[in-house]
Every structure is written in structure tokens, then in C-alpha cells.
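Enquirer: Protein chains in written order, with full-length UniProt numbering: chain G, 1 to 358; chain R, 1 to 358.
#1: Output needed in chain order: residues of the region 229 to 261 of chain R with a Cβ under 8 Å from some Cβ in chain G.
#2: Kindly list, in the order they appear in chain G, the residues whose Cβ is closer than 8 Å to that of residue 296 (chain R).
#3: The region 53 to 75 of chain G: which residues have C-beta closer than 7 Å to a C-beta of chain R, in chain order?
#4: Would you say residue 42 (chain R) reaches chain G, if we count a Cβ-Cβ gap shorter than 8 Å as a contact?
#5: So, at 8 Å on beta carbons, what are the nonlocal neighbours of residue 332 (chain R) in its own chain, with the 5 sequence-adjacent residues on each side left out?
#6: Can you tell me the Cβ-Cβ gap for residue 164 (chain G) and residue 182 (chain G), rounded? I've got them flagged as a contact below 8 Å.
#7: Leaving out five residues on either side along the sequence, give the residues of the same chain with a beta carbon under 7 Å from the beta carbon of residue 287 (chain R).
#8: Which residues in the same chain as residue 273 (chain G) place their Cβ atom closer than 6 Å to its Cβ, once the five residues preceding and following it in sequence are excluded?
#9: If we ignore side chains and look at the alpha-carbon of each, how far apart do residue 74 (chain R) and residue 58 (chain R) end up?
#10: When Cβ atoms are compared, which residues of the region 283 to 295 of chain R fall closer than 9 Å to chain G?
#11: Counting only beta-carbon separations shorter than 8 Å, does residue 118 (chain G) have a partner in chain R?
#12: Can you check DSSP and say which residues form a bridge with residue 325 (chain G)?
#13: Check for me: the beta strand (DSSP E) holding residue 335 (chain G) runs from which residue to which?
#14: So for residue 142 (chain R), helix, strand or coil by DSSP?
#15: Less than 8 Å between CB atoms is the rule here; does residue 121 (chain G) satisfy it with respect to chain R?
#16: Classify residue 78 (chain G) as helix, strand or coil using the three-state DSSP reduction.
#17: Given that a residue counts as buried once 16 or more other Cβ atoms are within 10 Å of its Cβ, and exposed if not, what is residue 12 (chain R)?
#18: Which residues, taken in chain order from the region 266 to 277 of chain G, show a beta carbon closer than 9 Å to some beta carbon of chain R?
#19: Just the chain R side, please: which residues come within less than 7 Å of residue 6 (chain G) by C-beta, in chain order?
#20: Tell me which same chain residues have a C-beta within less than 7 Å of the C-beta of residue 202 (chain R), skipping the five on either side of it?
#21: For residue 59 (chain R), list the residues DSSP reports as bridge partners.
#22: Beta-carbon separation of residue 141 (chain R) and residue 132 (chain R) under 8 Å?
#23: Might you give, ordered along the chain, the residues of its own chain that have their beta carbon closer than 6 Å to the beta carbon of residue 289 (chain R), omitting 5 neighbours on each side?
#24: With a threshold of 8 Å, are at least 3 pairs of Cβ atoms found where one atom belongs to the region 107 to 118 of chain G and the other to the region 82 to 99 of chain G?
#25: Would you verify that the beta carbon of residue 324 (chain G) is, or is not, closer than 8 Å to some beta carbon of chain R?
#26: For residue 104 (chain G), decide whether its Cβ has a neighbour in chain R, counting only Cβ atoms nearer than 8 Å.
#27: Out of curiosity, what's the CA-to-CA distance linking residue 343 (chain R) and residue 2 (chain R)?
#28: What does residue 82 (chain R) reach in chain G if we use C-beta pairs closer than 7 Å?
#29: Buried or exposed, going by whether 16 or more other CB atoms sit within 10 Å of the CB of residue 35 (chain G)?
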């Protein structure tokens, strides 16, 4: 096949496989289970590789992602989200359970438990109680986890355990503190659940930036759920949680202009994603030009400042998105390059769960 | 059909039609042509409405968008981008020309002209010279427009005119200045082209934030290319270039949690888009709660602070994305609500050009 048109998202297969193996080995060495978050890649082929490397199942963010992975034969799934079970979600979760899929969902309130029961899903869909470990998004307070878990058990709902997401690890010098706060919150929540007579079987945490710290800590976690670690991205690079030599997904982009003595690329926010954290140095990085900075990003233009000679008009450069989960969700296919060849993909994978927001 | 699952993007058809009519009337009153930028909606049905309301054709950003609109019967298209005509783009532009579509593309360098000629597209694809009017993205300097245009004509390429994009209008209190600078740049570029013996037929500018100022100015523009004006969004609301009463696209989202005494919605950056300009008050707005602020946005969570009683768990609220072009590009379909009914869509439109980045 001809080389795909730019811009396109390109996987370096050897690097990606090495990332999967490295994280799996680290989890095994620490004695915790892995349940990688598949929202990052949304791709059946990659989910299968993670399970083949020892993952106990996958994490997803929505019922739609669960449907896509079950259709691809990956049916041990935790939906790490406090789903409000309306008529639509009830019907779809029921269908997944009827297919024999092992599905658990997040829950952070007694009202949420009641919805599940009202929908007739008690005994068919398990839950894990979400607690807030300092990110201040969803999740009940750790000391309330016992009350929520007990309400579920009283209503006949299986409670697998407790989980948190240390999203506040996404800031400079915050990774160790977030991992510590997550361990403390999960310890408190597990104690509250034991006191309520519902001891957690699974104590789940983790994110990519906090991963190394969580593995090094004295923590009660029995399971970790990193997502981005499969690819790495510019955020992880700049936070220090991904070595650029391990980054496995880039956007191949063409130099279309030298206007103003800068580089203008045909990759913009509609393929890289518009994410830019306040602490990011720019709108993504250039893998082969670490001194370059993307100083402006439009929907189809990246404007790059870099020292020295500009790459020629028409040449192709590799851009590392700031947040790879958003970039992947913008494309239908991922081009897969193998054996260090970055000129011609070996194959193409469908982003099976792209756009599955509900 | 049942009400669609949340989150989903919802068009208020009456408002959208009023927006199309209002802009068309303003352009007619000023005596300029409209060529709306279809990258905002990427939808055939909406493009047809814009043409029916008097638009002289559509603007698109990529060859892929051009292909999608030509397939939908809209074949008078300007690709407002300095396309680097490689083998892939050459073949696809040639196919569009062979179908009889009237296609012009942007050009900002003599090297770019040479690519077009090398590809055998002289006489088949017209060009417009892009000039930088202060946004400092692509585009040559206005005084260089004559040189680029003359090189094109010498090579047998039809030069339709000149264009600019005043993207620096996207900042508080910048709209009038950006419109003025665009008018000055286009005046200078047109003079340079006349001096080079290539007088521009079309002098094209415009953006949604600068639209009112461009219409009020003494400007040489013969054509304007607003995109966002068809819907409006939170950026335009906060810049003062969209009345919230005219905003025609929202994301219907369900309240899934009251964690921490705040509202947590099931709409995150994978449907709203992660755009957040430094001057934005948050990650989007709530149409029916103008005092609310989205203080945190994850891929599937929006955390909202608002005064007074929180909307109930399970209720649906309408979120205005910061940047609607990105939101639309994340979904496959738009739900179309009519006659003020926001409970059940009248129809559904395909986002035909979604993801067409190349």
C-alpha cells in the first residue's frame, strides 16, 4: 500500500510492545494485578496484547467502550465511572451481562446504587466504590465508602472493592504526593468497608504519572490501571514519567510552510488534540527535535520554533501529542510501523471504540 | 426513536437557521459574498442550507473535507490552506477537478506553486495567495503576494485572488484591531498583486469574532468566511461575538454525581473538546446556568461549580463547548431538535467530514 497521507497517527510497534512488557513486569514484581485503561488506545489488537502480557482484564470509561471491547472478545471489564443507570444504560448493561461478560462499574453514592437495583441489575453487574483521593472529581469521601458498600450489599449488589484515580498526579512534582494520598485514601476506605462488613477484594488505583511511585510505596493496592503508559505522550515526557526513547505513538506531519521563518506543519488540534496543561512547554513535542517548541496550534496548523536549519518544505516530522488519549479518539485508524521502519506501515488498526462517549 | 443517550451534541434547528439568515443578510447589506467555513459543522445538510441562504460556495480546510462535500453535491469549494501537493494530494485534487468541481486552494510560497505545477494541476485547480494579517501562522508577507501570484501566472496557474485569516481576533478586546489589520494587509497585498500584473478578483477574509467589525469597516474584502457563526460557542459568548440566546449547539449531559457538593456531568473533553484559551472562564458554559463555571474537565467528567441548589442527580443539562469546531469533530452524528423541543430530536445528521484531516 502507498504511504498514508499526513497527518496520521503512527504506532512504533516494537516500542509499544516493550512498554506493555515493562509495565507488566513491574506489576508482577510488586505482586499487583494490572487492569490497563483501554480508553487510551480504544483498539482491540492492543487490548489483546495487554491481556496476553498478563493483564487481568481491561478498564474502560463508558458503556460504549465496554460494548466495543466485548465485541472484540475482551469481556473482563471494569467501567471506572460512576454510571447513572438510566433506561438506555440499563438496557445496554443488561445485554452485556446476558452475553456472559464480567462487567463491574463504579458507584459513588447510595442514589447510584438504587438506580442499578431499580434497573434489575443487582446480581448481574458488580460494583466498586469510587473514593476521592485528592483529585476532587467524582468519588465519595473515603470514610463514606463503607456506607455506600453496605447499601449495595443490602440491595443484593455484589461489591468487588474500591477504587480511586489520582488525577492530581498530572502536575510537576506531584506524582509522589498523589500516589501517597491515593494509598492513604484507599487504606481509609478499605477500613471503612471492613467496619461496615464489606471487606474489599479489589483495591484499585493508579495512573501513568503516579505508576512508579505507587509501585514503590507501601500501599494497599491490589490492582493498578495505567492507561497512557502503553504509548507515552508529551505530558508524560515533560512530567518525567515517560522516557522519550519509549514514546510509541507520534503524528506524522508534513512541513507545509516556512512562513515567518518558522515551521508550519499540517497537524493541528483536530489530530493532536487541543490539550495544553498550564505547565506544558507547548502544544506537543517533536520526537526528533527535542529543542523545538510548538508555539501555536490551530485546527490544521502547528507552528514550530526550533533552533538551527528548518526541515525542508515537504519533509515529514514526528509530533508527540500532549495527551495521547485525545489524539487517538480523533482518528478512525492507527498506522502500525514495525522493525524501526518509519516510512511504510506494516498494518493498520481500527480505533474500535473511538467516539464511544456514552 | 428513544431519546439519545447522553452525552450527545444537539442542534437547535430554529436558532441555527436564524444564525445562517442573520449572517447572510448582513453580508448582503454590505455587498460582500459569503463563503462560510464548513470545518465548523462538517455536515452536508448544513452546507446546503448555507448555500440556499445565498453563500457563494463553502470554505474547507483539507482535501478530505473537499471530497466529503463534493460527494454531498457541494462542489464550489475553497480549501483555505497552503496545501503541500505531494503524490497523494495531487491524485485526489486531480480526481476532484475531473469530477467538475470548482476547487481553489491556498498558496503562500513559490515552492508551493511549483508543487502544483509539477503535479499537472495548472489550469485545473485555481489558487488564492495567503497573506499573514497579524495572526503569524501561515501566509506570506502582504508585499510578497505579488511575487507569488506572478510566479503562479507564469506557470499557467489561475490566481483567483488573495486571502487572510485574522485568528488573532480570538482574544479579549482584539476583534476590531484584528479586523483593521486584516483590512490593511489585504489592501497591501492587493496593491502588490496589481503592481505585479495579477489584480485579485477575490479579496477574502474573515472569522466569526472579527465578523461584525469587518462588516463595519472600510475594507477591500469582497468575501467573508466565518465558520463558528452558524452555531456560536462559549468562546464567542465570552468574547462578545455570540449572544447566548443565539447559541445553536449544545452538549446534552447527565448529572452523574454530586461529589464534593459540586455537579459532575458525563460530558468531558472527548465530546466537548479540551480547548481552553487562557482568557476563558472555564472549560465551557452551561446554557441555562450562566453563573455556573466548569472548573475541571477530564475525558468523561465535567466538574461544575454553581450557586444555589444543584440540579438533581440524573437530570440533563445543556453544555456549550468552548470551541464548537472541535466538539463537532469528535462525534459521528448531530441530533437535531426542532420547534423548541429539547427532549426528543426531530432527526439526526451525519458529520460527513469528521476526522478528514488530510
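Even glycine gets a Cβ: it sits at the ideal position worked out from N, Cα and C.
Expert: Judging by the given coordinates:
#1: 254, 255, 256, 257, 258, 259, 260
#2: Here residue 296 (chain R) is taken as the residue at index 296 of the second chain, counted from 1. In chain order: 136, 137.
#3: 61, 62
#4: Here residue 42 (chain R) is taken as the residue at index 42 of the second chain, counted from 1. So no, residue 42 (chain R) is outside the interface.
#5: Taking the first residue of the second chain as position 1, residue 332 (chain R) is located at position 332. Answer for residue 332 (chain R): 350, 351, 354, listed in chain order.
#6: Taking the first residue of the first chain as position 1, residue 164 (chain G) is located at position 164. Taking the first residue of the first chain as position 1, residue 182 (chain G) is located at position 182. Contact holds; Cβ gap of about 5 Å.
#7: Walking along the second chain from the start, residue 287 (chain R) turns up at place 287. Cβ within range, chain order: 244, 247, 250, 318, 320.
#8: Taking the first residue of the first chain as position 1, residue 273 (chain G) is located at position 273. Taken in chain order, the residues that qualify are 321, 323, 326, 327.
#9: Within the second chain, residue 74 (chain R) is the residue found at index 74, counting from 1. Within the second chain, residue 58 (chain R) is the residue found at index 58, counting from 1. Between residue 74 (chain R) and residue 58 (chain R), the C-alpha separation is close to 8 Å.
#10: none
#11: Counting from one through the first chain, the residue named residue 118 (chain G) turns up at place 118. Not one chain R Cβ lies under 8 Å of residue 118 (chain G).
#12: What you label residue 325 (chain G) is simply residue 325 of the first chain in a count that begins at 1. Residue 325 (chain G) pairs with nothing; no bridge assigned.
#13: Counting from one through the first chain, the residue named residue 335 (chain G) turns up at place 335. 333 to 337 is the extent of the beta strand (DSSP E) around residue 335 (chain G).
#14: Taking the second chain and counting its residues from 1, the one referred to as residue 142 (chain R) is at position 142. In this structure, DSSP gives residue 142 (chain R) a helical state, which the three-state scheme calls helix.
#15: The residue given as residue 121 (chain G) occupies position 121 in the first chain. Not closer than 8 Å to any Cβ of chain R, the Cβ of residue 121 (chain G) fails to qualify, so no.
#16: By one-based count along the first chain, residue 78 (chain G) stands at place 78. The answer is strand: DSSP assigns residue 78 (chain G) an E or B state.
#17: Residue 12 (chain R) sits at position 12 when you count from the first residue of the second chain. Of the residues assessed, residue 12 (chain R) falls on the buried side of the cut-off, its CB having 16 or more other CB atoms within 10 angstroms.
#18: Within the region 266 to 277 of chain G, the qualifying residues are 266, 267, 268, 269, 270, 271, 273, 274, 275, 276.
#19: Position 6 of the first chain holds residue 6 (chain G). Against chain R, a Cβ distance below 7 Å from residue 6 (chain G) picks out 358.
#20: On the second chain, residue 202 (chain R) is found 202 positions in, with the first residue counted as 1. Here the set comprises 128, 160, 161, 222, 223.
#21: Locating residue 59 (chain R) in the second chain gives position 59, where the first residue counts as 1. Residue 59 (chain R) is bridged to R:37, R:78.
#22: For the purposes of this step, residue 141 (chain R) is taken as the residue at position 141 of the second chain. For the purposes of this step, residue 132 (chain R) is taken as the residue at position 132 of the second chain. Closer than 8 Å, so yes.
#23: Indexing the second chain from 1 puts residue 289 (chain R) at position 289. Excluding positions up to five away in sequence, the list reads 306.
#24: yes
#25: Along the first chain, read from residue 1 onward, the residue named residue 324 (chain G) stands at position 324. It does not; no Cβ of chain R falls within 8 Å.
#26: Translated into positions along the first chain, residue 104 (chain G) becomes position 104. It does not: the Cβ of residue 104 (chain G) has no partner Cβ on chain R nearer than 8 Å.
#27: Counting from 1 along the second chain, the entry for residue 343 (chain R) is found at position 343. Counting from 1 along the second chain, the entry for residue 2 (chain R) is found at position 2. Rounded to whole angstroms, residue 343 (chain R) to residue 2 (chain R) spans 10 Å at the Cα level.
#28: Position 82 of the second chain, counted from the start, is the residue given in the question as residue 82 (chain R). Neighbours of residue 82 (chain R) on chain G, chain order: 256, 257.
#29: Taking the first chain and counting its residues from 1, one reaches residue 35 (chain G) at position 35. Residue 35 (chain G) is buried by the Cβ-count criterion.
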